[in-house]
Structures are given as C-alpha cells and as structure tokens.
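S.K.: Starting off with a structure, shown below.
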Amino acid sequence: MALPSDIARISALGQPVLRNLYITQRYHDLSRALAGTIGGPDVNWSTFATWASKTAGQSIRNEEVPPFVVDLVNGAGDGVSPHLGRIESLARDLVPGASLGAAFLLAPIRETLATVSDSIAAGNLEVFAELAPQFARFVQAMQAASPPTPQMLAAFLEPLDPRPTAEGGQSMLRSAFTAYHEAILAKGDVAKARLILLGNCQIGLHEQTRLQPQIQQAMDAPIDDILRKHLHANLGGGQGLLQKVVDVIEAPFADLVRVVRVLWERVATRTMMTLALPGGAKLALGQDIPKLADADSFFPPPLVDLSDPDALVALIKQYDRARGVTDQGSASVDWRRLDDRMNFIVNLFRSRQQTADLLGPPFSDAQRALIEKDEVPGAALGPL
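Residues -11 to 372 in the numbering used here are what the sequence shown spells out, letter by letter.
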C-alpha cells in the first residue's frame, strides 16, 4: 500500500478534531504497511496507536459536557448539597441574593474537561509528529531490497538521536526499530513474535516517557483553583467583598473541593481511562485485562514463554506486575505513574499482539472519504 505522504501537513493542522481524525487514520495506514513489511500475524505499535488515538479523539471532540457528567452532578445529592447549602448560607450574609446549586458545578467541570481535552490533543500531536515519520521512513527503507541489509538499517538509524529518551533523545527508538529489522529476518514464528513484542514495548516506553507531562496535567486537574474562580463569578461583588466571602467560607469550601475531586475522578475514569477497540468494545485501563474469549491462554502461543532476547526479558521483568496472570496485576492503579502505565501496556501489547481485529479500519469507508476531504463526518465517530 502507498505510504502516507502528508504527515507534516497533518501535524501542522490547526483544527484539533480534524487533525486527530487524520492522525488516527494515518496510524492505521502505517500499521498495515509495517505489518506487511515484517510479515506474519503480529500487530505493531502503530496498530495500538490507531485505537489509542481514536480513544483520544473522543475526549478532543468533547466540546460540551457529556450527558453522563450532567447526570452525575445532578445526582450528587447528599455528597454535594450540604456543602453548597452551607456556603450559600454564609455567602448570603455578605452578598444578598447569593445563589448556588448543583448545576453550578457544571461550569468548573466543563472548564476542566476543556483543559484536559487540550492536553490530550497536545500529546496526540506530539507523539504523531515524532513517530509517524519514523514509521514511514522505516517501511520505505526496509522495502528497498529483500531481505533488508544491516547497511539499510544503519542508514535508517543514523538520523535518530542516540541520547536516552529521558534526556530528549531517541535511543529507545533506535533499539525498537532494530528489533523490527531483526523480526523481518527472523527464522520461525516464535523468534519473530518476540522481536516484534520487544519493538512494540520499547516504542511504548519511549512514547509514554514523552507523554508524561501531558498525562500528569490531565490527571491532576486544578479543581480547587477552577472551582474557586467559578464561585467568585457566581457570588459577584467587588474584590474586597469577595475576599471576605472567601475567608468566611474557607472551611466548607475545602469540604466542597474534596467532594468535587471525587466527582472528577469518576469523570476522568469514564473519559480518560478506557481504550476504544474494534466493534465498539472498550477496555477499562483500571481493570485487569481479560483473556480473549476464544483463547486458550492469556498470551498468544509464541509469547507464552519469554526466554529471549535478553532485552525483552529485562523489559518485561521491569514493568510487568501481572506475571502472566489475567485476573490480578495487569490493571492500572495510578495512570500518572510511568511504571504503572507500562505495566498495563506491556500486558496489553503481549496479550493482543496476534489479535487480527486490531488491524481493521478505525472509520467506515464513508467517514474516511470525508476525512480525506478535510471534513469532519457528522455520523458517530465512536468505536465502529
């Protein structure tokens, strides 16, 4: 298939929703191209990136508060009402006619969702702008001759920064694409699958290291600052009067912030802690990864036992808490932590590496046709 030639144009698009749709589609294009280059039934990092990008798009497109958030706020009841009532009563002593209600919480949650949406869009773009050109270059380089030679790999690796990823370099990418190159040449399905898993996990580690600031920002939304700003806007009055109000309501306000933080955690879990999959399925990042219904084991046969290469054994040992058990340990406990995310990711990559459905298209033919014309489809863009 033809390789994407518009990666730079897509990266420069100023429309986050359209840009995300293109990013999702191009990851799919690159995924299929690399799968064809390496051969075999295994999916690659760009395959998983397709569905992660499509999931991100659901947050990026949230221009309005989702209905479930409205229901959540309106149904907060006993958790919120006492604190709002106490604040309202104290505020009325200084600001006659002051009025608050559960709906008051929608404005700060709307702003928080918008902040998170911006952060997710920025991360989506940053990873695509760096990695998509490398995938396209790699496929092009490896298809120049069959089989690809060490000299072809060396020429591909030469522009990549050898410094550690944590220092802004691309050493992990160099190792990952080397593993992909070795997978092309590998004799036997087991060796090929292990090398692809190594490349997938190394690129995943590089990506997650790059995304750490955006993920931290999204998960640690400044609820108290945003809530205070909207409280000021609702109460009105001059700055001096507002300060008196703040002093009087400080204690119940702190209680309200705690309640709203719980609400936000439930909103964040629903909007950010799921992975969209083909066929409308979703995978909850905070739950242990289930074994596929038609599978005999958690992992595909070539990946049940890992004894080599040494780099793969070391990486799995470092990050995998589950140790191959499906019902304990693969779930994310704190997505803000790199090692916690990598625990989920290595188990996801290993358990789903030969799931052919993941190579399917993220959008219908009609949706893709509109996207390729720089149009955002009006039909539902959630999982197909």
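No residue lacks a Cβ here, since even glycine has one placed at the ideal position from N, Cα and C.
Could you spell out where the beta strand (DSSP E) holding Thr262 opens and where it closes?
M.R.: Within the sequence shown, numbered from 1, the residue matching residue 262 stands at position 274. Per DSSP, Thr262 belongs to the beta strand (DSSP E) from Thr262 to Ala264.
S.K.: Once DSSP output is grouped into helix, strand and coil, what is the label at Lys279?
M.R.: Taking the sequence shown and counting its residues from 1, the one referred to as residue 279 is at position 291. It is coil, neither helix nor strand.
S.K.: Would you grab the beta carbon distance between Gln200 and Leu336 for me? Rounded to a whole angstrom, and I think it's under 8 Å.
M.R.: Within the sequence shown, numbered from 1, the residue matching residue 200 stands at position 212. Within the sequence shown, numbered from 1, the residue matching residue 336 stands at position 348. Contact flag wrong, Cβ pair sits at about 18 Å.
S.K.: Near Val364, which residues of its chain fall below 7 Å by C-beta distance, leaving aside the five closest residues on each side in sequence?
M.R.: Locating residue 364 in the sequence shown gives position 376, where the first residue counts as 1. Within the same chain, Val364 has close Cβ partners Val5, Leu6 and Leu9.
S.K.: Just reading off the alpha helix (DSSP H) that Leu161 is part of, what are its end residues?
M.R.: Residue mapping note: residue 161 aligns to position 173 of the sequence shown, counting from 1. Here the alpha helix (DSSP H) through Leu161 covers Ser159 to Leu173.
S.K.: Could you check whether Phe165 and Gly145 sit closer than 8 Å to each other, using their CB atoms as the reference points?
M.R.: Along the sequence shown, one-based indexing puts residue 145 at 157. Along the sequence shown, one-based indexing puts residue 165 at 177. Sequence inspection shows Leu at residue 145; the Gly mentioned does not correspond to that position. Yes; because the gap between Cβ atoms is below 8 Å, this pair is in contact.
S.K.: Rounded to the nearest angstrom, what separates Gln299 and Ala357 at their Cα positions?
M.R.: Translated into positions along the sequence shown, residue 299 becomes position 311. Translated into positions along the sequence shown, residue 357 becomes position 369. Here residue 299 turns out to be Ala, not Gln, going by the sequence shown. For Ala299 and Ala357, the distance between alpha carbons rounds to 42 Å.
S.K.: Assign Lys270 to one of three DSSP states: helix, strand, or coil.
M.R.: As a working mapping, residue 270 is identified with position 282 in the sequence shown. Reduced to three states, the DSSP call for Lys270 is strand.
S.K.: Distance check for Asp345 and Lys270, CA to CA, integer angstroms please.
M.R.: For the purposes of this step, residue 270 is identified with residue 282 of the sequence shown, where counting begins at 1. For the purposes of this step, residue 345 is identified with residue 357 of the sequence shown, where counting begins at 1. Approximately 13 Å between the Cα atoms of the pair.
S.K.: Can you tell me where the alpha helix (DSSP H) with Asn8 in it begins and where it stops?
M.R.: Translated into positions along the sequence shown, residue 8 becomes position 20. Pro4 to Ile26 is the extent of the alpha helix (DSSP H) around Asn8.
S.K.: To which residues of the same chain is Ala181 closer than 6 Å at the C-beta, ignoring the five residues directly before and after it?
M.R.: Here the question's residue 181 lines up with position 193 in the sequence shown. If we look at Ala181 and ignore the five residues flanking it on each side, its Cβ neighbours are Asp30, Pro290 and Leu291.
S.K.: Would you give the residue range spanned by the alpha helix (DSSP H) that Gly192 belongs to?
M.R.: Walking along the sequence shown from the start, residue 192 turns up at place 204. In the DSSP annotation of this structure, the continuous segment of the alpha helix (DSSP H) that includes Gly192 starts and ends at Asp177 to Met207.
S.K.: Report the CB separation of Pro350 from Thr38 in whole angstroms; it is logged as a contact under 8 Å.
M.R.: The residue given as residue 350 occupies position 362 in the sequence shown. The residue given as residue 38 occupies position 50 in the sequence shown. Indeed, because the Cβ distance is near 5 Å, the residues count as touching under 8 Å.
S.K.: Would you kindly work out how many angstroms separate the C-alpha atoms of Ile211 and Val245, rounded to a whole number?
M.R.: Translated into the one-based positions of the sequence shown, residue 211 becomes position 223. Translated into the one-based positions of the sequence shown, residue 245 becomes position 257. Their backbone Cα atoms lie some 7 Å apart in a straight line.
S.K.: For Leu1, which residues in the same chain have their Cβ closer than 6 Å to its Cβ, ignoring the five residues on either side in sequence?
M.R.: Walking along the sequence shown from the start, residue 1 turns up at place 13. Cβ neighbours of Leu1 beyond the five flanking positions: Arg7.
S.K.: Among Ile359, Ala(-4) and Tyr15, which residue has its Cα nearest to the Cα of Gly348?
M.R.: As a working mapping, residue 348 is identified with position 360 in the sequence shown. For the residues Ile359, Ala(-4) and Tyr15, the minimum Cα distance to Gly348 belongs to Tyr15.
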